[in-house]
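This report concerns only the one structure given below.
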Amino acid sequence: MWAVLLLAAVLAFAVVRPRGLPEAAAAVPAAAIAVGGGLVPWAAARDEMVMLGPTVGFLAAILALAYLADRWGVFGYAGGLAARAARGSPTRLLTVVFGIAAAVTAVLSLDATVVLLTPVVFATAAAAGVRARPPVYACTHLANAGSLLLPVANLTNLLAFGATGLTFLGFAGMMALPWLAVLVVEYAVFRWFFAGDLATPARPQPVQPVPAPRFALVVLALTLAGFAAAEPMGVAPAWVAAGGAVVLAVPLVVRATDRRRTAWEVARSTNPLFCFFVFGLGVVVLALRRNGLDDLIATLTPRSADFLGLLAVAGLAALLANLVNNVPATLVLVPVVAHSPGLVLAALIGVNVGPNLTYVGSLATLLWRRILHARDEPPTASAFLRLGLATVPACLLAAVVALWVALKLSTVL
1 MWAVLLLAAV LAFAVVRPRG LPEAAAAVPA AAIAVGGGLV PWAAARDEMV
51 MLGPTVGFLA AILALAYLAD RWGVFGYAGG LAARAARGSP TRLLTVVFGI
101 AAAVTAVLSL DATVVLLTPV VFATAAAAGV RARPPVYACT HLANAGSLLL
151 PVANLTNLLA FGATGLTFLG FAGMMALPWL AVLVVEYAVF RWFFAGDLAT
201 PARPQPVQPV PAPRFALVVL ALTLAGFAAA EPMGVAPAWV AAGGAVVLAV
251 PLVVRATDRR RTAWEVARST NPLFCFFVFG LGVVVLALRR NGLDDLIATL
301 TPRSADFLGL LAVAGLAALL ANLVNNVPAT LVLVPVVAHS PGLVLAALIG
351 VNVGPNLTYV GSLATLLWRR ILHARDEPPT ASAFLRLGLA TVPACLLAAV
401 VALWVALKLS TVL
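Number 305 in UniProt numbering belongs to position 305 of the sequence shown; there are no gaps in the numbering.
This is the structure we're talking about:
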């Protein structure tokens, strides 16, 4: 009971964030209470944090890499391309944003799509003279559902990657069909759901060409290639992301008039308080797991990776993500399904697609909501829920069918 209350308090604090306090302000004390109160032995809490270390290290590195890409003008360049490609058409703009958001999520993680691309999409929609709602909502939906493709696209993927037993490219190969299926379903539903916004005539403004940040684009491409090349050699993705961040950071710091301030801004972009939040959350979830949740989930989870088993695990993962957030859901589910790579991948479909149903499903959605409130354009809860009801069940079904096909093909090949 105490473990449930601790997790509820941490998640409620993360949603409300009273006085703008960071999520760690609740998660770290809650973890300390869990250990001090005997819910989790210190040795188990320490082992959990050691296990999370490489994942949190990657999170810090990829946040810095995304921030530096923004400083080099990558997102502004992408926005300029989208505005010109739209040519005054709301539908074309939505299509281009879908492509950009899917690519940014896959390479720079869902946080980059939410935090850095969303403001650019607002500006791009204004320049294109179209309503911003469809492409802005696309940012949060593709940040979650579009993160299926690569292990580095989502914290949930990184937490589960080792349990799949796949290589970096093997993971991408298995999830390519589910990823494409989700993108197709999301796009079709968006065209229907936002038909009124997309039918509104555009009033485009002149768009000034933005020069391509070639150096940054090359570094990002090499970093992505590095993820695939380094993994077979046992090099953690965090080191590759950190290397790319250093290459982008050094010229900015060297050329800055205030080098110390610029270096501090780069260091701060790793968001250490958010990293502490993940550590604290992991310990709190461990307390819940050790006090009955593991047994309950083990009872509910199918053992077979046939089609119905895959669908049941994806559905359970989606439900759990909307109840306790997708990161805790991943920490709970992965140990239960680790015996089957197919079930691990099905769980990832659930924890990545499912959060599009409610605000609390993923931390990225909470960040997106906060950005919209800061712009005085808060999302409508009813619209978000209705869009989620229209997309999530259909995307789960399409992705599981695609995963089942991919697993069958892998056994044949």
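In this text, a Cβ means the ideal position worked out from N, Cα and C, and glycines have one as well.
Treat the numbers as computed from the prediction; the structure is a model and nothing was measured.
- Message: Measuring only the C-alpha atoms, how far is V401 from T164?
- Response: Going from the Cα of V401 to the Cα of T164 covers about 19 Å.
**Prompt:** If you compare alpha carbons, which of V28, P54, V74 is closest to V219?
**Reply:** Answer by Cα proximity: V74.
Item checked: V115 to A125 span [Cα, whole Å] -> In a straight line, the C-alpha of V115 is about 17 Å away from that of A125.
Rounded C-alpha distance that separates V278 from T113 | V278 and T113 have their alpha carbons spaced roughly 19 Å apart.
- prompt: Short check: CB of F274 to CB of V28, under 8 Å?
  reply: Not closer than 8 Å, so no.
- Straight-line gap, A85 to V152 (C-alpha atoms, nearest Å): Each residue's alpha carbon lies about 28 Å from the other.
Worksheet item: Between the beta-carbon of A123 and the beta-carbon of G79, is there less than 8 Å?
Response: The Cβ-Cβ distance between A123 and G79 falls below 8 Å.
Open item on the list: Please give the ranges of any alpha helix (DSSP H) in the stretch 95 to 137, keeping only runs that are unbroken, at least 4 residues long and fully inside the region.
Closed with: The qualifying runs are 118 to 128.
Residues near G280 in its chain [Cβ-Cβ closer than 7 Å; skip 5 each side] | Taking C-beta separations shorter than 7 Å and ignoring five residues to either side along the sequence, the partners of G280 in its chain run A24, A27, V28, A30, A31, following chain order.
Distance, A312 Cα to L6 Cα: If I take the Cα positions, the gap works out to 28 Å.
**Q.** V56 and A287 closer than 8 Å at C-beta
**A.** Not closer than 8 Å, so no.
Worksheet entry | Opening and closing residue of the alpha helix (DSSP H) in which D376 lies | Where D376 is concerned, there is no enclosing alpha helix (DSSP H), given that its DSSP letter is neither H nor E.
Which residue wins for smallest C-alpha separation from V185, given the options V405, T411, A390, S410? Minimum Cα distance to V185 is reached at A390.
- Task: Pick out whichever of T299, A364, G282 has its Cα sitting closest to the Cα of A45.
- Result: The residue with the shortest Cα to Cα distance from A45 is G282.
Extent of the continuous alpha helix (DSSP H) run through A27: 24 to 36 is the extent of the alpha helix (DSSP H) around A27.
query = Hey, is the stretch 315 to 330 in contact with the stretch 354 to 361, meaning 3+ C-beta pairs nearer than 8 Å?
reply = Between the stretch 315 to 330 and the stretch 354 to 361 there are three or more inter-stretch CB-CB distances shorter than 8 Å, so the stretches are counted as touching.
Q. At a cut of 8 Å, does the stretch 335 to 343 reach the stretch 362 to 377 through at least three beta carbon pairs?
A. Short answer: they don't touch.
Which first and last residues belong to the alpha helix (DSSP H) in which M174 is found?
-> Segment 168 to 193, the alpha helix (DSSP H) holding M174.
Discussion item. Which same chain residues end up closer than 7 Å to E48 when comparing Cβ atoms and leaving out the 5 residues on each side of it in sequence?
Written reply: G282, V283, L286, listed in sequence order.
| task | Reducing DSSP to helix, strand and coil, say where P328 ends up. | result | Secondary structure of P328 (DSSP, three-state): helix.
Next on the checklist: Looking at the secondary structure, which residues open and close the alpha helix (DSSP H) in which D47 lies?
Outcome noted: In the DSSP assignment, D47 falls within the alpha helix (DSSP H) that extends over 42 to 71.
Practice problem: Assign T270 to one of two classes, buried (16 or more other C-beta atoms within 10 Å of its C-beta) or exposed (fewer than that). | Solution: T270 counts as buried, since no fewer than 16 other beta carbons sit within 10 angstroms of its beta carbon.
Give the DSSP-derived three-state secondary structure of P209 in the structure shown. DSSP places P209 outside both helix and strand once states are collapsed to three, so it counts as coil.
* Asked: Would you call W404 buried or exposed, if buried means 16 or more other Cβ atoms sit within 10 Å of its Cβ?
  -> By the neighbour-count definition (other C-beta atoms within 10 Å, threshold 16), W404 is a buried residue.
Let me know if T330 comes out buried or exposed under the rule of 16 or more other beta-carbons within 10 Å of its beta-carbon.
With 16 or more other Cβ atoms within 10 Å, it is buried.
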